[in-house]
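Residue numbers (my numbering): 2 to 518.
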């Protein structure tokens, strides 16, 4: 079941917006998404549209709009139990923070994105794009190893979802790795990586699959070829592999525009026109985030060396090296400052974490607690959605505590929490209500589906290896479901109270039936 299968409104428009962004037509996608946001009442559709819109704004380089877009998307996603959405939003927020120069915030979003995407136990096409955007964020921050690992996850999930391999070839990630090597003085290493990029592109050409490569990726392949040529490599200059032709791709992507500008500088150097290359650099304005602030001065150094101005080339090279070193220093400072802050404020952090845990999270199982549960159900009911709640009470738990002690009882509760979480459907909500009682929330679900969920939970608990954990003490679960019946004149609190009472009654009836059998 894919993420968009959970969305009930304007799914075709959301899919169309995805397709537009994949072919670098983000301005059109933005217009379409704005219309969805204005007209939808479905919280899932709205959340998806806002996350997609943030992606489109990043592609277009509309930096001034990033902060508000992140705030709006975060508000829409906050109460939706969907790992993909949280992961993708944080990956995009990391990209936005990087473009804004906020490296500490960028790193925080990277960590959150990786954790959320890893927690997605039902990955699909959208999850693959979440991993792709996380890989891009890693790459822009110069975490090249993490970037390659994330893009491999994107490729694997994508292949399972039917996305062609070349879609996630991600030449831009390896391109940034290559130029970073050159900025630090390793031109041979740079050429090795660029030749590998060219090898992949030539393979796709031979297999007749170049037509399915994303336009922004074609621009990256073009720049990789032009950069090789500027460093003196022989590069094919006609046909589908012509760097000038490849650089013309990329649609309305701001990064592709930067690659075109700098690619023309590289081609001027390769064609023996170094003075023209220097003149282009004097008028070219590109984002420091596309290939790093060191790339224009490094190209200036290469051009001046070709023109015979070796003193000027040396000065430009030193400037490029200083800029690259400053970037490394900034990353190191983010890391060191973060460690220092954690040491200095450890007690404060622990106290805050304890307070937060007491407020919304059950400390034993890590599940949402009663307060968070009631807040979540209230939000769902307030949106007018149909929702069923199920009360799950353990059978045999008193015997576990009596025979094996409370430590074993805690282990049983932790395992039960994991078992229930494992068998729930995408979008369902699980909380610990108190003692040995858990509550599951099934949005947009009727009683027949709820009974199927109950059978899955009971079967999973029944087949768990309790004999190893608490020998001689079998553990089961009794479940009762009820629908939350909101309506005019009925407060959310009253509706919840009635539903819990009915579900609890059904659970006790199930427990009595178990004893009688």
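Every residue gets a Cβ at the ideal spot worked out from N, C-alpha and C, and that includes glycine.
For clarity, every value in this text was computed on a predicted model and none was experimentally measured.
Inset, instruction - Could you tell me if residue 284 is buried or exposed, where buried requires 16 or more neighbouring beta carbons within 10 angstroms of its beta carbon? - result: In the chain shown, counting from the first residue as 1, residue 284 sits at position 283. Exposed, because fewer than 16 other Cβ atoms sit within 10 Å of the Cβ of residue 284.
Legend entry - Contact test: residue 505 Cβ vs the ligand NAD heavy atom, cutoff 7 Å: Looking for the ligand NAD in the displayed structure turns up nothing, as the structure carries no ligands at all.
Inset, instruction - Thinking residue 401 and residue 483 are a contact (beta carbons under 8 Å), I'd like their distance in whole angstroms, please. - result: Here residue 401 refers to the residue found at position 400 when the chain shown is read from its first residue. Here residue 483 refers to the residue found at position 482 when the chain shown is read from its first residue. That pair is no contact at about 28 Å.
Inset, instruction - Output the residue ranges of the beta strand (DSSP E) runs that lie fully inside the segment 428 to 495 and measure 3 residues or longer, sorted by chain position. - result: Those beta strand (DSSP E) runs which fall completely within the segment 428 to 495 and span 3+ residues are 430 to 435, 438 to 444 and 477 to 484.
Inset, instruction - Let me know the secondary structure DSSP gives residue 165 once reduced to three states. - result: Sequence index remark: in the chain shown, residue 165 carries index 164 (1-based). Residue state, collapsed to three classes: coil.
Inset, instruction - Return the residue from the list 25, 23, 41 and 21 that minimises the CA-CA distance to residue 8. - result: Stepping through the chain shown from its first residue, residue 8 is reached at position 7. Checked all of 25, 23, 41 and 21; the closest Cα to residue 8 is 41.
Inset, instruction - Taking the CB atoms as reference points, tell me whether residue 162 and residue 134 lie closer together than 8 Å. - result: Your numbering for residue 162 matches position 161 in the chain shown. Your numbering for residue 134 matches position 133 in the chain shown. For the pair residue 162 and residue 134, the CB atoms are not nearer than the 8 Å cut-off.
Legend entry - Residue from 116, 164 and 95 with nearest C-alpha to residue 143: As a working mapping, residue 143 is identified with position 142 in the chain shown. Comparing Cα positions, the closest option is 95.
Inset, instruction - Just confirm the distance between the C-beta atoms of residue 55 and residue 71, as a whole number of angstroms; I'd bet it's less than 8 Å. - result: Here the question's residue 55 lines up with position 54 in the chain shown. Here the question's residue 71 lines up with position 70 in the chain shown. With a Cβ gap of about 6 Å, residue 55 and residue 71 count as contacting.
Legend entry - the segment 87 to 94 in contact with the segment 434 to 451 per 3-pair CB rule at 8 Å: With the cut-off at 8 Å, the segment 87 to 94 and the segment 434 to 451 do not touch.
Inset, instruction - With a 10 Å radius around its C-beta and 16 neighbouring C-beta atoms as the bar for buried, classify residue 121 as buried or exposed. - result: The count along the chain shown starts at 1 and reaches residue 121 at position 120. With 16 or more Cβ atoms within 10 Å of its Cβ, residue 121 is classed as buried.
Inset, instruction - Check residue 390 in the structure and name its three-state DSSP category. - result: Numbered from its first residue, the chain shown carries residue 390 at position 389. Strand at residue 390.
Inset, instruction - Closer than 7 Å by C-beta to residue 290: which residues in its own chain qualify, once you throw out the five before and the five after it? Chain order, please. - result: For the purposes of this step, residue 290 is taken as the residue at position 289 of the chain shown. Cβ within range, chain order: 99, 100 and 141.
Inset, instruction - Just the C-alpha distance for residue 522 and residue 138, rounded to the nearest angstrom, thanks. - result: What is shown of the chain runs 2 to 518, which leaves residue 522 out entirely.
Inset, instruction - Would you give the residue range spanned by the alpha helix (DSSP H) that residue 422 belongs to? - result: Walking along the chain shown from the start, residue 422 turns up at place 421. Counting along the chain, the alpha helix (DSSP H) containing residue 422 begins and ends at 407 to 424.
Inset, instruction - Tell me whether residue 6 is buried or exposed, calling it buried when 16 or more other Cβ atoms sit within 10 Å of its Cβ. - result: The residue given as residue 6 occupies position 5 in the chain shown. The residue in question, residue 6, is exposed, as its Cβ has fewer than 16 Cβ neighbours within 10 Å.
Legend entry - Cα-Cα separation, residue 266 to residue 365: Counting from 1 along the chain shown, the entry for residue 266 is found at position 265. Counting from 1 along the chain shown, the entry for residue 365 is found at position 364. When rounded, the distance between both Cα atoms is 60 Å.
Inset, instruction - Kindly indicate which three-state DSSP category residue 368 falls into: helix, strand or coil? - result: For this step, residue 368 is matched to residue 367 along the chain shown. Note: residue 368 maps to coil in three-state DSSP.
Legend entry - 8 Å Cβ cutoff met for residue 298 and residue 324: Counted from its first residue, the chain shown places residue 298 at position 297. Counted from its first residue, the chain shown places residue 324 at position 323. Result yes, Cβ atoms of residue 298 and residue 324 sit closer than 8 Å.
Legend entry - Reduced DSSP category for residue 344 - H, G, I as helix; E, B as strand; rest coil: Locating residue 344 in the chain shown gives position 343, where the first residue counts as 1. Per-residue confidence for residue 344 stands at a pLDDT of 44, beneath the threshold of 50, marking its modelled position as unreliable; the derived number appears in the next sentence. Correct three-state label for residue 344: helix.
Inset, instruction - Report yes if the C-beta distance between residue 211 and residue 239 is below 8 Å; otherwise report no. - result: On the chain shown, residue 211 is found 210 positions in, with the first residue counted as 1. On the chain shown, residue 239 is found 238 positions in, with the first residue counted as 1. Result no, Cβ atoms of residue 211 and residue 239 do not sit closer than 8 Å.
Inset, instruction - Tell me whether residue 1 sits in a helix, a strand or coil according to DSSP, three-state version. - result: Because the chain spans 2 through 518 in this model, residue 1 falls outside it and cannot be assessed.
Inset, instruction - State the start and end residues of the unbroken alpha helix (DSSP H) segment that holds residue 56. - result: Taking the chain shown and counting its residues from 1, one reaches residue 56 at position 55. Taken as a continuous stretch (DSSP letters only), the alpha helix (DSSP H) holding residue 56 covers 44 to 61.
Legend entry - Assigned secondary structure, residue 128 (DSSP; H/G/I helix, E/B strand, else coil): Taking the first residue of the chain shown as 1, we reach residue 128 at position 127. Residue 128: helix per DSSP, three-state reduction.
Legend entry - Three-state secondary structure (DSSP) of residue 41: Here residue 41 corresponds to residue number 40 of the chain shown, with the count starting at 1. Three-state result, residue 41: coil.
Inset, instruction - Indicate whether the contact test is met: 3 or more Cβ pairs, each with one atom in the segment 166 to 175 and one in the segment 313 to 323, closer than 8 Å. - result: no
Legend entry - residue 362 versus residue 19 - alpha carbon distance: Translated into the one-based positions of the chain shown, residue 362 becomes position 361. Translated into the one-based positions of the chain shown, residue 19 becomes position 18. Near 35 Å, if we compare the C-alpha coordinates of residue 19 and residue 362.
Inset, instruction - Have a look at residue 510 and residue 406 and give me their C-alpha separation to the nearest angstrom. - result: Translated into the one-based positions of the chain shown, residue 510 becomes position 509. Translated into the one-based positions of the chain shown, residue 406 becomes position 405. The alpha-carbon atoms of residue 510 and residue 406 are separated by roughly 28 Å.
Legend entry - Collapsed DSSP secondary structure at residue 285 in the structure displayed: Here residue 285 is taken as the residue at index 284 of the chain shown, counted from 1. Three-state result, residue 285: coil.
Inset, instruction - With a 10 Å radius around its C-beta and 16 neighbouring C-beta atoms as the bar for buried, classify residue 223 as buried or exposed. - result: Working through the chain shown from its first residue, we reach residue 223 at position 222. Result: buried.
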